[in-house]
Structures are given as structure tokens and as C-alpha cells.
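> Residue numbers 162 to 502, in this note's numbering, belong to the letters of the sequence shown in order.
Just so it is clear, CB atoms sit at the ideal spot from N, CA and C, and this is done for glycine as well.
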Amino acid sequence: MADISIEDMLQAGVHFGHQTKYWNPKMEPYIFGIRNKIHMIDLQHTVELLKPALAFIKSVAQKNNKILFVATKRSATNILKEEAERCGMPYVNERWLGGMLTNYKTIRSSINRLENLLRQKEDGTFDKLTKKEGLKLQREIDRLEKAIGGVRDMGGLPDALFVIDVKREAIAISEASKMGIPIVGIVDSNSSPEGIDYLVPGNDDAIRSISLFTRAVSDACLEGSKLATGLKPSPDSTGPKIIKKEEKQESSNKKDLKEDKVKEPKEPQEDEKIKEAKDAEEIKEIVEPVETEEQKEDEKGKEAKLAEESKEKEESVETEEQKEDPKVDSKSEEVEEGKET
162 MADISIEDML QAGVHFGHQT KYWNPKMEPY IFGIRNKIHM IDLQHTVELL
212 KPALAFIKSV AQKNNKILFV ATKRSATNIL KEEAERCGMP YVNERWLGGM
262 LTNYKTIRSS INRLENLLRQ KEDGTFDKLT KKEGLKLQRE IDRLEKAIGG
312 VRDMGGLPDA LFVIDVKREA IAISEASKMG IPIVGIVDSN SSPEGIDYLV
362 PGNDDAIRSI SLFTRAVSDA CLEGSKLATG LKPSPDSTGP KIIKKEEKQE
412 SSNKKDLKED KVKEPKEPQE DEKIKEAKDA EEIKEIVEPV ETEEQKEDEK
462 GKEAKLAEES KEKEESVETE EQKEDPKVDS KSEEVEEGKE T
């Protein structure tokens, strides 16, 4: 992060404030004097306050967090866009939409709409439409890109705000303060320093001054993102976790040890099951012959009973026949006697 000297600030015109009749009394501690009815900003304060502001920006970028660049005045739109894109940060260089921070869900729906339209344009869906419908959708794309194109890839609320001309961007500052987002602001002699977490007094109208501050913040973001490479981000950060090779090896070794510990008790359990199965087979072998012998004895007893019952039936039949036979014999004897007579 290159240090900005007082000479660099003098060449960029950072020390020029506004006319005395437009000044804000709360900026009196940061004003050096008056020249031609114009307040002169004390650059010693600017240098001293710029260092902690850039250090904070660097720390935020080092955690893979997002810093939203905000400047909607004409003299700052192009510069802000170039520097924000150079460091890969979101930006707002057109009109600030109310609720961009406090009502981010609505902004997110507009971002989704823009992405869907761009996808349809790439797929060739617009070619199937009429000329009037295609122009209507193209105008909607242009309008959305102008309003929210800079925050399309923000992915959520930012972790910090960098604002040029805090008086003009009062709505953005009030929303950020409500959401608890820290603010780094370039404050001129006509603005109020209240609500700014990292105050940097300086000229917020001259193009060279704006370019100096935005370039310094962009460089701080790039340095922070370089330091983040190969390091673990903080738990508050939304970036991907980067793990070293040594940590991967340690985790794999731990997993192997856990698997070995889990596998060891399984072997005796299988042996016990095999033993139990063998014992059950032996018991079956012992029990099965006993059961067959009992069955044989039962069958023999049943056969004997059946034989006895059959004999009893035969004897009963014989006795009945014997009873019937004497009657027949007596009749035959009577017949024979009649013949003889």
C-alpha cells in the first residue's frame, strides 16, 4: 500500500474546500485557514486519518469481504467504476435506489430479473420475439444495468462502504448506519462528519482529488485480497475456505485412525456369531435323533393299539356269527326230521 504524501495531495488539490458561506461548523477542526473566501483543509489531518481508513479497507478485503464504492456525482462516476472493477468490488455510480441496503430482498429480485433477461438474450429467445417486444426487453436490460449493474455480483449486504461526498450520499449513509455497516467517507468543508466511522477530510469535487482517493482505496483492496490467498478467512467472511495441504493430510490420517478403531471391534463380533451358529448346529444334531426315536416309539405304540383294536373287532364279529349259527342249525335239524317222517 503506497503512502500518499502531502505533496501528492497538494498537486491533486485535496486541500481546496468550499466557500466560507457554505461551510459546516462541525468541520472546523479540520480546516487550516481561508484564502479568497474559500476554506483550506489541513492536509496533516488528512494524511493522519487516511492511514487507518486504508488499513481498515485492507483488513476487510483480506477477509474476502465486500466493500461497496458509492459516488453518484458526474465528476466521480467513471473514475469510481474503473477503480471498483479493477479491484473486483461492487459499486454504485448512478442514482442510489432507496432501500438498497435496508430492503435488499427487493434489490435482489431486480438482480434476478436482469440475469434472466441476459440469459434469454444469450439463448436466442429474443430472436423469436417481435421487433417491438425485443426493443422493450432491451430497454429494460439497459435500465436495470444502469441502476444495479454495479451490485449484480455483490451477493448480499456489503461489509463496508466507501463514499465520496457524504452530503450527496446521505441516504446511503443513513441506511448503512441502520444496518451497522462501517463507512469510510471523504468529507469536504460543507459536509457533516457525523455518522462516518473513518473520516477523511478532503476535496470531493475535483477529479484529480477523487482519483487519488479511489485509487488508494482500490490498491488497499488489492493488497488485502493478495494477503487472503492461502489463508483461512475469518468465520464472519463469506468467501470460500482455503485449506493447506498439510491440514488435508492430517485430516486424512485422523480419518484412517477412526476407521481402524471402528473396524477392530467388528472382528470379535463376527467370531462370536460364528461360534453361536456352530453351537446351534451341534444342538440340532443332538436333538434331532432323540426326536426321531420318540417318534418311532409313538408309531410302534399306535400300530400295537391298532392291532389290538382290529383283533377285538374280529372277535366281536365271530361271537355274533356264533350266535346266529345255532339258529340256523336248529332249523336245518327240523327240516331233516320232517323229511325222515
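(1) Just the C-alpha distance for residue 284 and residue 293, rounded to the nearest angstrom, thanks.
(2) Report yes if the C-beta distance between residue 188 and residue 372 is below 7 Å; otherwise report no.
(3) Rounded to the nearest angstrom, what separates residue 174 and residue 206 at their Cα positions?
(4) Going straight from the alpha carbon of residue 346 to that of residue 273, what length do you get?
(5) For residue 360 and residue 352, what's the separation of their Cα atoms in angstroms?
(6) Please name the residue, chosen from 327, 366, 164, that lies closest to residue 215 on a Cα-to-Cα basis.
(7) Which residues share a DSSP beta bridge with residue 344?
(8) Run through DSSP, which three-state label would residue 383 get?
(9) Give the range of the beta strand (DSSP E) segment to which residue 268 is assigned.
(10) Decide if residue 202 is buried, meaning its Cβ has at least 16 other Cβ atoms within 10 Å, or exposed.
(11) Grouping DSSP H, G and I as helix and E and B as strand, with all else coil, what is residue 378?
(12) Output the boundary residues of the beta strand (DSSP E) element that contains residue 178.
(13) Threshold first: 3 residues or longer. Then list the beta strand (DSSP E) segments lying entirely within the region 182–218, N to C.
(14) How is the alpha helix (DSSP H) around residue 241 delimited, first residue to last?
(15) Determine the extent of the beta strand (DSSP E) in which residue 228 is found, giving its start and end residues.
(16) What is the DSSP secondary structure of residue 327, counted as helix, strand or coil?
(17) Taking DSSP as the reference, what is the three-state secondary structure of residue 373?
(18) Out of 208, 322, 329, point me to the one whose CA is closest to residue 234's CA.
(19) Going by DSSP in three states, residue 398 sits in which element: helix, strand or coil?
(20) Which residues in the same chain have their Cβ closer than 8 Å to the Cβ of residue 335, if we skip the five residues on either side of it in sequence?
(21) To which residues of the same chain is residue 227 closer than 7 Å at the C-beta, ignoring the five residues directly before and after it?
(22) Check whether the region 369–387 touches the region 252–259, taking contact to mean three or more Cβ pairs, one atom from each stretch, closer than 8 Å.
(23) Just to confirm before moving on: does the CB-CB distance between residue 322 and residue 275 stay below 7 Å?
(24) Ends of the beta strand (DSSP E) at residue 360?
(25) Considering only C-alpha positions, which residue in the set 332, 239, 325, 370 is nearest to residue 307?
(26) Which residues bound the alpha helix (DSSP H) around residue 289?
(27) Opposite residue 253 in the DSSP bridges: which residues?
(28) Exposed or buried, which one is residue 375 when buried takes at least 16 other CB atoms within 10 Å?
(29) Can you tell me the Cα-Cα spacing of residue 295 and residue 287, whole angstroms?
(30) Return helix, strand or coil for residue 317, following the three-state DSSP convention.
With the structure as the only source:
(1) Indexing the sequence shown from 1 puts residue 284 at position 123. Indexing the sequence shown from 1 puts residue 293 at position 132. Their backbone Cα atoms lie some 19 Å apart in a straight line.
(2) Position 27 of the sequence shown, counted from the first residue, corresponds to residue 188. Position 211 of the sequence shown, counted from the first residue, corresponds to residue 372. Result no, Cβ atoms of residue 188 and residue 372 do not sit closer than 7 Å.
(3) As a first step, residue 174 is located in the sequence shown; it is residue number 13 there, counting from the start. As a first step, residue 206 is located in the sequence shown; it is residue number 45 there, counting from the start. Between residue 174 and residue 206, the C-alpha separation is close to 15 Å.
(4) Translated into positions along the sequence shown, residue 346 becomes position 185. Translated into positions along the sequence shown, residue 273 becomes position 112. Distance between the alpha carbons of residue 346 and residue 273 is about 30 Å.
(5) As a working note, residue 360 is residue 199 in the sequence shown. As a working note, residue 352 is residue 191 in the sequence shown. Using only the alpha carbons, I get a separation of about 11 Å.
(6) For this step, residue 215 is matched to residue 54 along the sequence shown. Of 327, 366, 164, the residue nearest in Cα terms is 164.
(7) Residue numbering aside, residue 344 sits at position 183 when the sequence shown is read from its first letter. Its beta-bridge partners are 322.
(8) As a first step, residue 383 is located in the sequence shown; it is residue number 222 there, counting from the start. Here residue 383 sits in helix by DSSP.
(9) Working through the sequence shown from its first residue, we reach residue 268 at position 107. Looking at the DSSP string, residue 268 is not in any beta strand (DSSP E); the run it does join, the alpha helix (DSSP H), is 265–284.
(10) The residue given as residue 202 occupies position 41 in the sequence shown. A buried status is given to residue 202, since no fewer than 16 other beta-carbon atoms sit within 10 Å of its beta-carbon.
(11) Against the sequence shown, residue 378 aligns to sequence position 217. Helix, per DSSP.
(12) Numbered from 1 along the sequence shown, position 17 holds the residue referred to as residue 178. Taken as a continuous stretch (DSSP letters only), the beta strand (DSSP E) holding residue 178 covers 177–180.
(13) 192–196, 199–202
(14) Working through the sequence shown from its first residue, we reach residue 241 at position 80. Start and end: 235–248.
(15) Here the question's residue 228 lines up with position 67 in the sequence shown. Looking at the DSSP string, the run of the beta strand (DSSP E) that includes residue 228 is 228–231.
(16) By 1-based counting over the sequence shown, the position of residue 327 is 166. In this structure, DSSP gives residue 327 a state outside helix and strand, which the three-state scheme calls coil.
(17) Along the sequence shown, read from residue 1 onward, the residue named residue 373 stands at position 212. If DSSP states are grouped into helix, strand and coil, residue 373 belongs with the helices.
(18) Taking the first residue of the sequence shown as 1, we reach residue 234 at position 73. Distance check between residue 234 and each of 208, 322, 329 places 329 closest, using alpha-carbon atoms only.
(19) Translated into the one-based positions of the sequence shown, residue 398 becomes position 237. Low per-residue confidence applies at residue 398: pLDDT is 40, beneath 50, and the placement is therefore not dependable enough to give any value.
(20) Within the sequence shown, numbered from 1, the residue matching residue 335 stands at position 174. 356.
(21) Working through the sequence shown from its first residue, we reach residue 227 at position 66. Around residue 227: 250, 251, 315, 319, 320.
(22) Not touching, per the Cβ criterion.
(23) As a working mapping, residue 322 is identified with position 161 in the sequence shown. As a working mapping, residue 275 is identified with position 114 in the sequence shown. Contact flag unset, no.
(24) Here residue 360 refers to the residue found at position 199 when the sequence shown is read from its first residue. Per DSSP, residue 360 belongs to the beta strand (DSSP E) from 359–362.
(25) On the sequence shown, residue 307 is found 146 positions in, with the first residue counted as 1. For residue 307, the closest of 332, 239, 325, 370 by C-alpha to C-alpha distance is 239.
(26) Here residue 289 refers to the residue found at position 128 of the sequence shown. Premise fails: residue 289 is in no alpha helix (DSSP H) and is neither H nor E.
(27) Within the sequence shown, the letter at position 92 stands for residue 253. For residue 253, which the question treats as bridged, DSSP gives the partners 231.
(28) Here the question's residue 375 lines up with position 214 in the sequence shown. Burial call: buried.
(29) For the purposes of this step, residue 295 is identified with residue 134 of the sequence shown, where counting begins at 1. For the purposes of this step, residue 287 is identified with residue 126 of the sequence shown, where counting begins at 1. One C-alpha to the other measures close to 6 Å.
(30) Translated into the one-based positions of the sequence shown, residue 317 becomes position 156. Coil, per DSSP.
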